[in-house]
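J.: The numbering of the sequence shown is the numbering used here, which starts it at 108 and goes up by one.
C-beta atoms are modelled at their ideal positions from N, C-alpha and C, and glycine is treated no differently.
Note that the structure is predicted; figures quoted are calculated from it, not measured.
Structure provided below as C-alpha cells; questions to follow.
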Amino acid sequence: MDVISGLFRRPAAASILSLLGVLSFYVVIGGVDLGKLMGAASWVNYAARIGVVALFVGLLMISGEIDISIGAMIPAGAMTTAILSGYYELPMIVGILGALAMGVIVGLFNGLLVTRTTVPSLIVTLGTLVAMQGIVLAGSKLLTGAASVPLSAPGWAKTVFGDLMFGGNHQVVIVWWIALAVVVWFVMHQTKYGNWIFAIGGDKVSARNAGIPVDWIKIGLFVGTATSAAFVGMCHAILFNSAQVSGGMNDIFNIIVSVVVGGVLLTGGFGSIPGVVIGTVTFAIVTKGIDFTSIDRNWSNLIIGIMLLAAVGMNETFRAKAMSAVRKKKG
C-alpha cells in the first residue's frame, strides 16, 4: 500500500492514469486494434511535433508562468527559414540560425517584459502572439510578395532536421524530442536548476529571498519556449519544402493541454518531465488514435475535454497527497 500511495503522490500519476484510461476506452468502446495503434506513425509524429515545445512549456508552467506566443513562433520559425534560405537562397545554416535567433529574441522580449513589469505572462504573451502574427504576415508579403514560400533544403539538413525514418513514415523530429526530453529531465530532476524552478513556482518571494535568481531563470525559460517553437517550425519547413504564414494557433491549446494532462499545475510548483512526455503521448493518441476506431471523429474534442477536466482534478488530488506526505515527514 505504501508503494501505491507513493506512486499516486508523483506528478506523473495523472498522466499515466489518463493514458491507461484512453487506451482502455479505445479498445473497449472503439474496438481499436492496440497493436496497430501502437505501430502507427501518425500519432508519434504528432506527439514529437508538439512534444518538443511541451517540454519547455512544462518547465515554464512549473515556474508559475505561461507562454501562448508559441502559436505564432512555429510559423515564424518556418517562414524565417524559408525566406532566408529559400527566397533569398542564403546557405541553409543561415536560415536555421535565423529561425533560432528569432526565437531567442522573442523569448527575451517576453521574459524581460514579464520580469520587469507587473503584467501577467498570459497578457504579455497574448500581445506577442498577435504582434508576431502581424509581423510574419506583413513581413512575408513585403519581402516575398506571398504568404507561402518554397524551400529546397540540402541533403544534410534533410537528414538532421526534416527526413523520414523507418520506411518513410516516422519523422526525424522524434529523435530530437527524445533527446531533448532526456536533457530537460536531467536538468529538471538532477540539478539545482530544477529545484530552483520548483521553488519559484511554489513561492516566488521566498525563492528570491533564498538567493535564487528568479528573474534570470524566468527569462531563460521564456527563451526556451519561444526557441523550441521556432525550432519545430524550422523542422517542418525543411520536411515539407515550404512554409506558410498560417498555422500554429491550434498548437497553443494542444501543447498546454498536453502539459496539464502530464501532471503540471497551472498555478505552478508541481509537475515532472516524464509526466509531460506521457501527457503528450496521451493527447496525441486521443487526437490521432480516434481514426483507428469506429467512433465519429467529431467526438474527439469531447474526449479531450473530459480528459483535461479529469487530469486537473487528479493533479490537485495528487499534489495534496504529496504535500501531506511532506508535512508528515517534517512533523
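In three-state DSSP terms, what is L271?
T.: L271 falls in the strand class under three-state DSSP.
J.: Bridge partners of P381, per DSSP?
T.: Looking at the DSSP assignment, P381 forms no beta bridge with any residue, so it has no partner.
J.: Hey, N217 and F347 are a contact pair by Cβ (cut 8 Å); roughly how many whole angstroms apart?
T.: At roughly 28 Å, the Cβ-Cβ gap does not stay under 8 Å, so N217 and F347 are not in contact.
J.: Which runs of the beta strand (DSSP E) fall wholly inside the region 301-348 and span at least 3 residues, in chain order?
T.: With a minimum length of 3 residues, no continuous beta strand (DSSP E) run stays inside the region 301-348.
J.: Could you please give the first and the last residue of the uninterrupted alpha helix (DSSP H) stretch that includes S247?
T.: Run containing S247: S228 to T251, per the alpha helix (DSSP H) assignment.
J.: I'd like the span of the beta strand (DSSP E) that includes V256, first residue to last.
T.: It spans S255 to P257 - the beta strand (DSSP E) in which V256 sits, taken as one unbroken run.
J.: Can you have a look at M145 and say buried or exposed, based on whether 16 or more other CB atoms are within 10 angstroms of its CB?
T.: Under this definition M145 is an exposed residue.
J.: If we define contact as Cβ-Cβ less than 9 Å, is I319 a contact residue for chain D?
T.: Within the model displayed, chain D is absent; a lone protein chain is all it includes.
J.: Given A185, which residues of its chain have a CB within under 7 Å of its CB, disregarding the five upstream and five downstream residues?
T.: These residues qualify, in order along the chain: G340, M341, H343, A344 and A350.
J.: Could you compute how far the alpha carbon of I281 sits from the alpha carbon of S335?
T.: Computed Cα separation, rounded: 14 Å.
J.: In angstroms with no decimal places, state the Cα-to-Cα distance between T251 and Y194.
T.: Taking the straight line joining both Cα atoms gives about 7 Å.
J.: Are the beta-carbon atoms belonging to V355 and I212 less than 9 Å from one another?
T.: A small correction: the amino acid at residue 355 is Gly; Val does not occupy that position in the sequence shown. For G355 and I212, no; Cβs fall outside 9 Å.
J.: Is L166 near the ligand ATP - that is, is its Cβ less than 8 Å away from at least one heavy atom of it?
T.: The ligand content of the structure shown is nil, which means the ligand ATP is not present either.
J.: Within a Cβ cutoff of 7 Å, which residues of the same chain sit near M239, ignoring the five residues on either side of it in sequence?
T.: Once the five neighbours on either side are set aside, the close Cβ partners of M239 are S176, A179, M180, A183 and V213.
J.: To the nearest angstrom, how far is it from the Cα of T232 to the Cα of D174?
T.: Cα-Cα distance, rounded: 6 Å.
J.: Grab me the residues of F305's own chain with a C-beta within less than 7 Å of its C-beta, minus the 5 sequence neighbours each way, in chain order.
T.: The answer, listed in chain order, is I169 and G376.
J.: What would DSSP say about A350, mapped onto helix, strand or coil?
T.: Three-state DSSP puts A350 in a strand.
J.: Would you report the Cα separation of D310 and V135, rounded to the nearest angstrom?
T.: Straight-line Cα distance between these residues: approximately 44 Å.
J.: Label W263 either buried or exposed according to how many other C-beta atoms from any shown protein chain fall within 10 Å of its C-beta, with 16 as the threshold for buried.
T.: Answer is exposed; the Cβ neighbour count stays below 16.
J.: Nearest CA to the CA of W283: which residue from A121, S122, G202 and A155?
T.: Cα-wise, what sits closest to W283 is A155.
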